[in-house]
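Step one of this worksheet: look at the structure below.
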Amino acid sequence: MTAAAATGREYDDELKSRVARLLRFLREIVEARSNPVLRFDDHVQVEWLYSSEIPVRLDPKAGQGGVVLRAPRIAVDDPPEPPALLTGWLDPQVVGDSRYREIELADASTAASRRRGEAQESDADFDIRKAYEIKKAFEQYSESWKQWAQEDRDRRPKAALYQALQLMMQELASRPESIELVVASGLLTSSNPDPQRSVRTHLLTQSAGIERDVRTGDLLVRLVAGSTPRLEDGQLLTGSKDFDTSGSVALAEKLHGNVDSPLGEGVEEFLREWATRVPRHEIEVLDRLGPPGALAYIDDDRTLTVSPALVLRTRDSFALVEYYEQMIADLDAADSPVPLGLAQLVDAIEPADRMAWLERTGAGASAALAEDPLFPLPANAEQSQIIERLGRDSGVVVEGPPGTGKTHTIANLMSGLLARGQRVLVTSEKSQALRVLRDKLPPELQELCVSITDLSRGGSDELNRSVAKIAERKTSFDEASEQQKIDALTTRRAAALARRTELLNRVSALRESETVVHEYVSDGYDGTVASIVRKVKAAEGAHEWLPGPLLADRPPFDGAQVDQLRALIATSDGAREQRSRQVLPRPETMLPNSAELAALCRRVHTPIDA
């Protein structure tokens, strides 16, 4: 560490210790909230992929970005309406449930008693012919009901799967930051004297998403592009006396090399190897694809099955714990400075000290950004004020409802920082906000954005395109040519600024001229230019002023007036032509001046003595 560096507070041991204690405290909070979910039925929703009731169309060979499940859009119909003759003879609950193979008429005596109770009739009134009609109507209805029940038994499980996937898709769309969808397999069941430590969950997972086929309406479960199967035993079983997860890292590497997805080939073989290396007691690997039975705790204890399923679950915080641990490790290094953002959380630092802190640690000077910002989008007064505040401090908090220009301002700030060679990190709780911000940037800057958004919605493709475009620009970069472009653009910008300054000066001069008060222009006309013009316009009708302007780019006559002028010229005589060379006498030589006219007016109004 140099003596100059040691003078800054970023190397203060006491401050570094306080920041480290804060990070450890935050890590402990996250760890306390990161209890692993050891029972699959504690997840938000689970749909088993191999169920006797739901025949699904799976693709075990699907890899990254591939469709593992297609759920066709299926509609179910209500049961046929019974004829009125059978009213009271059928159980509505049985009629509406296709799981029954047959329907039956109610007991005749029961039906007769019901009818007697309702109509107060005697047994003799019970018509044998009526009973025959009821029997025939029931036979006909029973046939149509059986046909409906058979179709419903085939269609309803598929419709239920479609409905379940649709609900999952809606949940993912409404809470993308808090929940996730995974394809899971490797169901481990292991009891424990402590019910909280009993395990009944999947070990292998891979991120997936649900989308709708716009042509058919089918729902597609697609593995996220760029994702790989994950072995989660380290998160689930660490700390358990029944399992030794020290070899999980090597097993995870083998999983990535041999298995394409939790449904792919090699999963069962991998589970058998896992069962011999991690558990401290014997685990039986069963050749079963379906879900566990109702007596799984009794019959399937200490078992491991493939049993794949779609699991909608809350996102865990294990990655956040790793981030805190990495920050603590970096801070413990002897020559590492304390980041300003963390230091502000444990101590009050004045704006001037914050700015000096950033300069000492090599951050770009935000004052230069405020002095001469290179913004591609227009900025109003409030947005310009935000930029000026950023030039005096290390950060600015901007709040406001949607539509107030926050994203617009951020796009300008990003562009200005990138133009000065800075790197910018933008984070947001929702990936949609990042996409909106990226679309606000000029196309040239959009290509320089490394977009790491929601992987389940094409974020991986955006990342690949961004990195490829940056690599392409770096390969084709010619410093001399780019410097010429910069010089040319700088010259054009300087000329534009000079032109802008000139126009502003002219506007200022015009505005200033409007405030000059003219004491006398003519009789009755004085004051500012605007007041004189208003007086002239007010008297325009009375004085029949000639229409102006007199010197204009277009003639003051319309077509009819031009025709009239031509007719006058054609019929003009010599005397009229001579008049064009004649001049009127000067008014002052023929008319009295104002003083003489005033005297004449007084004489007119003065009575004559007799």
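The sequence shown maps to residues 1 to 610 in my numbering.
Glycine included, C-beta positions come from ideal geometry on N, C-alpha and C.
Keep in mind that this is a model prediction, so the values were computed, not measured.
Neighbourhood of residue i by C-beta, 6 Å cutoff - its chain only, sequence neighbours within 5 removed
i: Leu38; result: Val199 and Thr201
i: Gln483; result: none
i: Asp125; result: Residue confidence is low: Asp125 scores 48 on pLDDT, short of 50, so the model does not pin down where it sits. Its coordinate-derived value is still stated next. Excluding positions up to five away in sequence, the list is empty.
i: Ala275; result: Ile283, Val285 and Leu304
i: Leu417; result: Val424
Bounding residues of the beta strand (DSSP E) (the contiguous stretch that carries residue i)
i: Ser190; result: Ile179 to Ser190
i: Asp526; result: Tyr525 to Gly527
i: Ala252; result: Run containing Ala252: none in the beta strand (DSSP E); it sits in the alpha helix (DSSP H), Ser248 to Asn258.
i: Arg70; result: Val67 to Ala71
i: Leu304; result: Thr303 to Thr305
i: Val521; result: His518 to Ser522
First and last residue of the uninterrupted alpha helix (DSSP H) at residue i
i: Ile103; result: Neither: Ile103 is in no alpha helix (DSSP H) and is coded neither H nor E.
i: Gln140; result: Ile128 to Ser174
i: Val321; result: Phe318 to Asp332
i: Glu482; result: Glu479 to Ser513
i: Arg420; result: Arg420 -> no alpha helix (DSSP H), and no H or E assigned at all.
i: Arg21; result: Asp13 to Ala32
i: Ala352; result: Pro351 to Arg360
i: Thr589; result: Pro587 to Met590
i: Glu273; result: Val267 to Arg277
i: Gly341; result: Leu340 to Val346
Contacts around residue i, its chain only, beta-carbon distance under 8 Å, and the 5 residues preceding and following it disregarded
i: Ser611; result: One cannot answer for residue 611 here, as it falls past the ends of the chain, which runs 1 to 610.
i: Ala137; result: Pro83, Leu85 and Leu86
i: Asn412; result: Pro373, Phe375, Pro376, Leu377, Ala379, Gln383 and Ile387
i: Met169; result: Ile210, Glu211, Arg212 and Leu219
i: Ser142; result: Glu102 and Ile103
i: Pro555; result: Val562
Three-state class that DSSP yields for residue i in the structure shown
i: Phe243; result: strand
i: Ser207; result: strand
i: Ser545; result: According to the sequence as given, residue 545 is Trp; it is not Ser. Coil at Trp545, not helix or strand.
i: Val311; result: strand
i: Ser51; result: strand
i: Arg611; result: Outside the shown range of the chain, which is 1 to 610, sits residue 611, and nothing can be said about it.
i: Glu225; result: It is Ala, not Glu, that sits at residue 225 in the sequence shown. Coil at Ala225, not helix or strand.
i: Gln45; result: strand
i: Glu429; result: coil
i: Ser384; result: helix
i: Val450; result: coil
i: Arg39; result: strand
i: Trp89; result: coil
i: Val285; result: strand
i: Ile608; result: coil
i: Val199; result: strand
i: Arg57; result: strand
i: Arg438; result: helix
i: Arg215; result: coil
i: Leu231; result: strand
Of the residues the options, the one placed nearest residue i, counting alpha carbons only
i: Glu47; options: Arg313, Ala333 and Thr515; result: Arg313
i: Arg73; options: Glu31, Phe40, Ala149 and Thr216; result: Thr216
i: Trp145; options: Arg435, Ala84, Asp41 and Tyr100; result: Tyr100
i: Arg18; options: Pro83, Ile328 and Pro193; result: Ile328
i: Glu31; options: Asp97, Leu510 and Gln235; result: Gln235
i: Gly239; options: Gln196, Gly226 and Lys254; result: Gln196
i: Gly209; options: Ile532, Lys254, Leu165 and Asp335; result: Leu165
i: Glu322; options: Glu28, Val285 and Leu463; result: Glu28
i: Ala539; options: Tyr525, Arg302, Ser261 and Asp218; result: Tyr525
i: Glu371; options: Ala411, Gly400, Arg420 and Ala343; result: Arg420
i: Val182; options: Val44, Phe318, Leu188 and Glu104; result: Val44
i: Ala149; options: Gly96, Val306 and Ile134; result: Gly96
i: Gln147; options: Leu331, Ser415, Thr490 and Pro79; result: Pro79
i: Leu342; options: Ile134, Pro549 and Arg354; result: Arg354
i: Glu519; options: Ile532, Val507 and Ala468; result: Ile532
i: Ile60; options: Arg554, Val221 and Glu273; result: In the sequence as displayed, the identity of residue 60 is Pro instead of Ile. Of the listed residues, the one whose Cα sits closest to Pro60 is Val221.
i: Lys135; options: Arg511, Pro587, Ala106 and Tyr162; result: Ala106
i: Pro291; options: Leu503, Arg360 and Asp41; result: Asp41
Rounded distance between the beta-carbons of residue j and residue i, thought under 8 Å
i: Leu204; j: Pro176; result: Contact doesn't hold; Cβ gap of about 23 Å is too wide.
i: Ala339; j: Asp393; result: Looking at the sequence provided, one finds Pro at residue 339 rather than Ala. Not quite, the Cβ-Cβ distance comes to about 16 Å (not below 8 Å), so this is no contact.
i: Glu180; j: Ser207; result: 6 Å
i: His281; j: Asp242; result: 6 Å
i: Ala184; j: Val278; result: About 17 Å separates the two Cβ atoms, so there is no contact after all.
i: Glu64; j: Gly186; result: One detail in the question is off: residue 64 reads as Gln in this sequence, not Glu. Their Cβ separation, rounded to whole angstroms, is 19 Å, which puts Gln64 and Gly186 out of contact at 8 Å.
i: Pro615; j: Pro442; result: Shown here, the chain extends from 1 to 610; a query on residue 615 therefore has no answer.
Residues of its chain near residue i, where Cβ-Cβ distance is below 7 Å and the 5 sequence neighbours each way are ignored
i: Gly117; result: For Gly117, the predicted model reports a pLDDT of 46, less than 50, meaning its position is unreliable; a value from the coordinates is still stated below. Closer than 7 Å at Cβ, skipping near neighbours: no residue.
i: Val76; result: Asp152, Arg155, Arg156 and Ala159
i: Leu565; result: Phe557
i: Leu58; result: Leu49, Val68, Leu69 and Leu263
i: Arg315; result: Ser178, Ile179 and Glu180
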